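**Student:** These protein sequence lines map, in sequence, to chains U and C. According to my numbering, the residues represented by the first sequence are 1246 to 2054, in order. According to my numbering, the residues represented by the second sequence are 155 to 650, in order. Positions of the beta carbon are idealized from the N, C-alpha and C atoms, including for glycine. Note that the coordinates shown come from a computational prediction; the quantities given were computed from them, not determined experimentally. Sharing a structure with you now.
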Amino acid sequence: MPEVGNAIPHESAAGHVTGTAAYLDDLPRRERELCVVFVGSPVAAGRLKQIKGLDAAKATPGVRCVLTHKDLRGPNNFGPILSDEPFLVEDELSYIGQPVVVIGADTSEAAVEARGLIELVCREAKPILTIDEAIARESFIGPHRHMFSPGSEDDQLFQAAFDKAPHTIAGRFRSNGQEQFYFETQAALAEPCEEGAVRVISSTQNPTETQVVVAEALGLGMHQVVCECPRMGGGFGGKETQSALTAVMVSMVATTTGRPARLVLSRAVDMAITGKRHQYQCDYRIGFDAAGRILAAEFAFHSNGGAFADLSTAVLERTMLHADNAYSIPVMRVTGQVCRTNLPPNTAFRGFGGPQGIAAIENGIEQVAAQLGIDPLTVRKANLYQDGVAGRQQTHYGQIVRDHVLDEIFEQLAESSQYERRRGDIEKFNASSATQAKGIALSPVKFGISFTTKFLNQANALVNVYTDGTVQVSTGGTEMGQGLNTKLKQIVADEFGLSVDRVRLMTTSTEKNNNTSPTAASAGADLNGAAAVNACKKIKRRIREYAATLLANVEKGFVASPEHIRIEGGMVFDDRDLDPRARLEFGEFCGIARRDRIDLGARGFFATPGVDYNRETGRGNPFFYYTTGAAVAEVTIDRLTGELVFDRADLLMDVGKMINPGIDRGQVIGGFMQGVGWVTNEELLFDDSGRLLSTGPTTYKIPNITDLPGTFHVDFIANTKHVKNVRLSKAVGEPPLMLGLAVWLAARDAVAAVAGGKPFELALPATGEELLMTLTKLSVPSEPRGTKPSVNGAPTNGAGASKSAARRR
Amino acid sequence: MRDSIVLYVNGTRREVGVDAALQTLSDYLRLCYHPPDDERLTGTKIACSEGDCGACTVLMGTPNESGTSIEYQSVDSCIAFVFQMDGCHVVTVEGLRNAGGLTGIQQAMVDCHGSQCGFCTPGFVMAMHSMVEEHHQQGSQASHLEEDEIRLGLSGNLCRCTGYLQILQAATAVDLKTAVAMEQLFESQAMLEELVRLSRSSVCIKPTKGDPRAVAVPRSLPDLLQFRTDYPNARLVAGATDVGVQYNHGRYEPQQVIATSKVPEMQTLGIEDGELVCGGAATWSEVDKVIADRLPELHQVLLRFGSPQVRHLGTIAGNLANASPIADSIPFLFVAESSLILASRRGRREVPICDFYQGYKQVDLAGDEVIESVRTPLPPGEVAIKLYKISKRRDMDISTVTAAFWLELDGEQITEARVAVGGVGPTVVRLPQAEDSLAGKPLALATLAQAGRIARGLVQPISDVRGSADYRSQLIENLFAKCYYDLSSTLSVPVS
């Protein structure tokens, strides 16, 4: 019985429900373990003039070390792409909370007391907080990037495409950032080892990067640093790079004092100082014909990168690569620039820039439909990529979109969700209700799978088979709840024809898997699964060769023949020999093989074939394949309060052949609801000093169980054209997040019903405030009998970076 | 009088002094070594320290009124203090091990893929057990939890990974007939007897020479008032659902505390002579049970008041004394013209609720007084009541704006109007000019809209993280029209 394809529970499910699955803060206290705290910058911009109280802090009873950048033994800068971020502040202060001083103490009380004695004397400067301010002051990170579709390079031809288009719309669309809100905050524990080495246990998606960064900060060789990650209580991209700072701080304390040291950030500190999904601004122009076919499009993106590069340039690249979403646009120019501001460096978050690109074009589609007075679904259908149809399959970066079922997804989903009938019902409802407005939207996602940085598309795996026939698997992939380990178990179990209970996934460690990529880009199972298969195949080749000799039976006429050796059903046998006694139980066989000095362990490797992309020209094949899907969402908005009720969702996705349908379904629902949070109630608010105001769940509202739609259908579509990737599966982690946009589009649709043809821009997220103020500005025409609501100086855009001075507690 | 806090943790007796008493329950569970195996109970997770996410949910068991069994309710252990657990049986996720394997709830969570990263999962499991306990305690014949009930019951638990649908399915799959009850997991007769005994004796951990801290858990009103006199600087702590948050954010350091929520004289609840009488220590979940039928509008607000965990500990007196301008309960009490009975060793006095609030977080409560009870006249039949809570997220959120409308009607004529709003000033306020504009007018959209415009001119909200001043003003204006539409649909007044 194959294990792949079964919806077996998450490998740690029993540990989760009993509370025995341990996270970093749950690990037993080490002997003489120190508590670590740090002092962060009190201002968003300025210069550090002096640190007062260092001696007093050091003299506090129980305090074992007080460290600054001077205690780093390596260069004081890091960064996954551009090395522009200091570990600890030297003189320039770049965001509020940026670590300056690190304290290690016997108890948290002593550490906190010492922290209170330290005073940072700063010369404060006016911070840059918004995209507009950064543009005005030309404060940028990385180059201005462009991606021109084949044929649109020429300025005149490009402009001519707009001139020829019967209709044109233009506007500025803004989307706000989003906090990852992983439940387990950033956390690390460092233990000093012999010969100056250090072992770091970290809640990280990126053990190799942690190893590199810690080694650099401490002036150690990489061989002196081991990074382990047993599991994370959620990551969502937030622990791809930003777990590094915590790891460096504990490692500094551990190597300085020779004692173990742990730091688990409080929620408020974690939210205040770590990067988030990027806020974006997009100026767009779309030329189209009467049928809604887009003839030319231009998107100019600016993202708020925060104080340092982090992953911002790569995130921006993915935004630009997803500005087409699922639509074939013949003439298209996309440009992008990351802005440097005085907020914590923004970073990866599920979707990695894709959501902001897709939101921009989907907003454009709604505007196109509104201008033509037709259903946005008609516009979407008119522009979808067509598999195998010349002129309808090439992206603006040159890659051919192939082997997809976008048309079928649209057809099946429109049918199963009864889109047309509900559209009619909603129109009737809106015509008759003075107090509510309903909206509906069907929106797709086409998400490119692979790291756009080519070298990251690799993985290695270590597979150890033991003499009782059980198997341990280690990869560089990290488990953050997404079910990677469970899928790997199923894949490896099938390779050896074993039941899953005989396969175990081991703690991720740089000791076993070196030079690994972060578990990111939805590619964890693709890359590590393929590497594990490669390792299994090496072992199986040895098993076959040895078993061929062992099981050969000259009397029966079976000469040694590895092709006839089968490893399945927990047995090893020669398929020509039908005698059950000639079959060896897998464990028994392994025992015999070891005694005959057969190697039952192997390391596998995988590098994704065929991906290549030229960043300079903006052309190439960045993606191995695409994961696609679509969602229909319906919402009801209270016209008097702006409150939104999410009535119904219907999701349909092509995720290939699922390794574990239970896990994939969980990824789809969970990703979708995270997207719903991004577009509805998750609002990051900063005051005008650059301080985050929404620093906990009291003020930052992720979806609650009562925000689940009343009706929620999730389904998958078969795609027989997809014939690549491990076990013919597809990546599933990020794509469904972008289906959450359907809820925003439905809200927009409801507002449009009230707008009566007036153009408007709705910011993202569409909070109750954003909706009410937009509705108010549109001066609800059906407001009866001289009760015209007053139009006040409402903020024109709820998604502005800081709702400025006004937004203080 | 006892001088230590006694609680049971997963069936094991613990007696603790001032250090542990002033810890949060979750710190006590996670950081201390607990018998019988000297285990740190790390199954209880801390994700927010604000009582907002429910990852720290545990069960708090207290003897029922007749002392015949222990009743369990979910609470957020991250914002509860250990002294509040005096005389209680605390059950953590580790306590479920007594079932000898996974409980039905745990198994359903496994089978339905109800966990992904798993960090919130113990909290969900405990919240579900709390729902099952409630069914057991009520002698319910239901075989399964209803979907609406699950959604409300789990609204105090956040999950970032699953998108909830699988958790909802797991809760739906639980068989209430076979679901294990806490009384089956713990040999509870001896424990029950001691908990009953403990509920009759007050605790006072007195300050010592080197340690000024004090903890008092009075079990009678005279004891409470005595402690109030003896420790004039002590902080009164009821459910701690706000002060616990302040503590975790470093804005409150407990020195001397007096627990108010275990005083039987203050736990009374009932209707006397057309008045709802709530003892100050009555929790919101208890209040809700009494008013659900009589005051359906208030019931709807209470369903969105905090979360089940918060309502299980939070008390009416705590909410009123905390004096937040966005407290969900206050607007209704303003329009109902409730009065507060304040008690001290000097005697009792009655204060109309409008007079109780004197400014931002300033109340008319003397240093030796406590809120003994709250008396609320029940609206007669001809009164239409509408209550509004506008928050960014529907559930488990703090209000941006609140409003209460009390309209006395004679046919379609408004004879008297009372309107109170919150979140638009330092205290909840009545809006007399808006009220005057409604009185004597027909219940019509124009009437309400006119009053809404007047109301808008009367409030001067601030902008903060929950909403801009303009948004709040617009809400205040619009809620009058909304009130009209809502009433016209329930009273069959034609929509113009």
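(1) Report the residue ranges of all beta strand (DSSP E) runs contained in full by the segment 1420-1492 of chain U; include only those spanning at least 3 residues, in chain order.
(2) Under 8 Å Cβ to Cβ from glycine 2002 of chain U, same chain only, skipping five residues before and after it: list those, please.
(3) Could you give the DSSP three-state label for alanine 2044 of chain U: helix, strand or coil?
(4) Going by C-alpha to C-alpha distance, which of U:Ala1775, U:Ala1679, U:Arg1292 and U:Gly1598 sits closest to leucine 1885 of chain U?
(5) Going by C-alpha to C-alpha distance, which of C:Ile159, C:Gln177 and C:Leu179 sits closest to glutamate 170 of chain C?
(6) At the level of alpha carbons, what is the spacing between proline 1589 of chain U and glycine 1684 of chain U?
(7) Threshold first: 3 residues or longer. Then list the beta strand (DSSP E) segments lying entirely within the segment 1894-1972 of chain U, N to C.
(8) Which residue marks the beginning of the alpha helix (DSSP H) containing arginine 1360 of chain U, and which one marks its end?
(9) The beta strand (DSSP E) that contains leucine 1279 of chain U, what's its start and end?
(10) If you draw a straight line from the alpha carbon of glycine 255 of chain C to that of alanine 1259 of chain U, how long is it in whole angstroms?
(11) Rank C:Cys202, C:Ala262 and C:Arg584 by C-alpha distance to the C-alpha of glycine 1941 of chain U and give the top, closest one.
(12) How long is the line joining the alpha carbons of alanine 1659 of chain U and alanine 1894 of chain U, rounded to whole angstroms?
(13) So which residues on chain C does glutamate 1888 of chain U lean against when the C-beta distance must stay under 8 Å?
(14) Could you list which residues in chain U have their beta carbon closer than 8 Å to that of asparagine 632 of chain C, in chain order?
(15) List the whole-angstrom C-beta distance separating valine 397 of chain C from tyrosine 406 of chain C, where the pair is believed to meet the contact cut-off of C-beta under 8 Å.
(16) Measure the C-alpha to C-alpha separation of threonine 644 of chain C and alanine 600 of chain C and round it to an integer number of angstroms.
(17) I want to verify the contact list: residues of chain C whose CB lies under 7 Å from the CB of tyrosine 1427 of chain U, in sequence order.
(18) Check whether the Cβ of glutamate 288 of chain C lies closer than 8 Å to any Cβ atom in chain U.
(19) Please name the residues in the segment 547-566 of chain C whose beta-carbon is closer than 7 Å to at least one beta-carbon of chain U, in chain order.
(20) Could you check how far apart the C-beta atoms of leucine 1929 of chain U and asparagine 1421 of chain U are, in whole angstroms? I think they sit under 8 Å.
(21) Quick check on glycine 577 of chain C: does DSSP put it in helix, strand or coil?
(22) Identify whether serine 493 of chain C lies in helix, strand or coil by the three-state DSSP scheme.
(23) For aspartate 447 of chain C, count neighbouring Cβ atoms within 10 angstroms of its own Cβ and tell me buried if that reaches 16, exposed if not.
(24) Among all the DSSP beta bridges, which residues are the ones paired with methionine 1816 of chain U?
(25) For aspartate 265 of chain C, name the three-state secondary structure that DSSP assigns.
(26) What does valine 1514 of chain U reach in chain C if we use C-beta pairs closer than 9 Å?
(27) If we define contact as Cβ-Cβ less than 8 Å, is serine 2027 of chain U a contact residue for chain C?
(28) Find the nearest neighbour of cysteine 637 of chain C within the set C:Tyr542, C:Val578 and C:Val582, judged by alpha-carbon distance.
(29) Does the distance from the C-beta atom of isoleucine 1518 of chain U to that of tyrosine 1572 of chain U stay below 8 Å?
(30) Determine whether the beta carbon atoms of alanine 1492 of chain U and threonine 1449 of chain U lie at a separation below 8 Å.
(31) Quick test of your reading: glutamine 1423 of chain U and glutamate 1927 of chain U, contact by CB under 8 Å. State the CB separation rounded to the nearest angstrom.
(32) Under 7 Å Cβ to Cβ from glycine 1319 of chain U, same chain only, skipping five residues before and after it: list those, please.
(33) Can you find the residues in the same chain that come closer than 6 Å, C-beta to C-beta, to glutamate 1724 of chain U, ignoring five residues on each side of it along the sequence?
(34) Determine the direct distance from the alpha carbon of proline 1621 of chain U to that of leucine 1845 of chain U, and round the result to whole angstroms.
(35) Could you tell me whether the segment 1820-1833 of chain U touches the segment 1794-1809 of chain U, where touching means 3 or more Cβ pairs closer than 8 Å?
(36) Residues of chain C with CB closer than 7 Å to the CB of leucine 1938 of chain U, please, in chain order.
**Tutor:** If we stick to the structure as given:
(1) 1432-1437, 1443-1447 and 1470-1474
(2) Answer for glycine 2002 of chain U: Ala1615 and Gly1618, listed in chain order.
(3) For alanine 2044 of chain U, the pLDDT reaches just 36, beneath the cut-off of 50, and the residue's location in the model is therefore unreliable, although a value from the coordinates is still provided. DSSP places alanine 2044 of chain U in coil when its eight states are reduced to three.
(4) Comparing Cα positions, the closest option is U:Ala1679.
(5) Before going on, a small fix: residue 170 of chain C reads as valine here, not glutamate. Of the residues C:Ile159, C:Gln177 and C:Leu179, the one whose Cα lies closest to the Cα of valine 170 of chain C is C:Ile159.
(6) 36 Å
(7) Here the runs fully enclosed are 1956-1961.
(8) 1353-1362
(9) 1279-1285
(10) One alpha carbon belongs to glycine 255 of chain C, the other to alanine 1259 of chain U, and they sit about 10 Å apart.
(11) The residue among C:Cys202, C:Ala262 and C:Arg584 with its C-alpha nearest the C-alpha of glycine 1941 of chain U is C:Cys202.
(12) 12 Å
(13) Simply Ile544 and Arg548.
(14) Leu1885, Thr1886, Leu2017 and Pro2034
(15) 6 Å
(16) Threonine 644 of chain C and alanine 600 of chain C have their C-alpha atoms some 18 Å from each other.
(17) Arg314
(18) False, the Cβ-Cβ gap to chain U never drops below 8 Å.
(19) Arg547, Arg548, Asp549, Met550, Asp551 and Ile552
(20) 6 Å
(21) Correct three-state label for glycine 577 of chain C: coil.
(22) Three-state DSSP puts serine 493 of chain C in a strand.
(23) exposed
(24) Answer by DSSP bridge pairing, in chain order: U:Glu1813 and U:Glu1830.
(25) Note: aspartate 265 of chain C maps to helix in three-state DSSP.
(26) Correct list: empty, because the minimum Cβ distance to chain C is about 11 Å.
(27) Confidence is the limiting factor: at serine 2027 of chain U the pLDDT is only 45, short of 50, which leaves the residue's position unreliable, though a coordinate-based value still follows. Not one chain C Cβ lies under 8 Å of serine 2027 of chain U.
(28) For the residues C:Tyr542, C:Val578 and C:Val582, the minimum Cα distance to cysteine 637 of chain C belongs to C:Tyr542.
(29) It is not a contact, given that the beta carbons lie outside the stated cut-off.
(30) yes
(31) 5 Å
(32) Glu1461, Ala1462, Leu1463 and Gly1464
(33) Arg1476 and Asn1730
(34) 58 Å
(35) yes
(36) Val619
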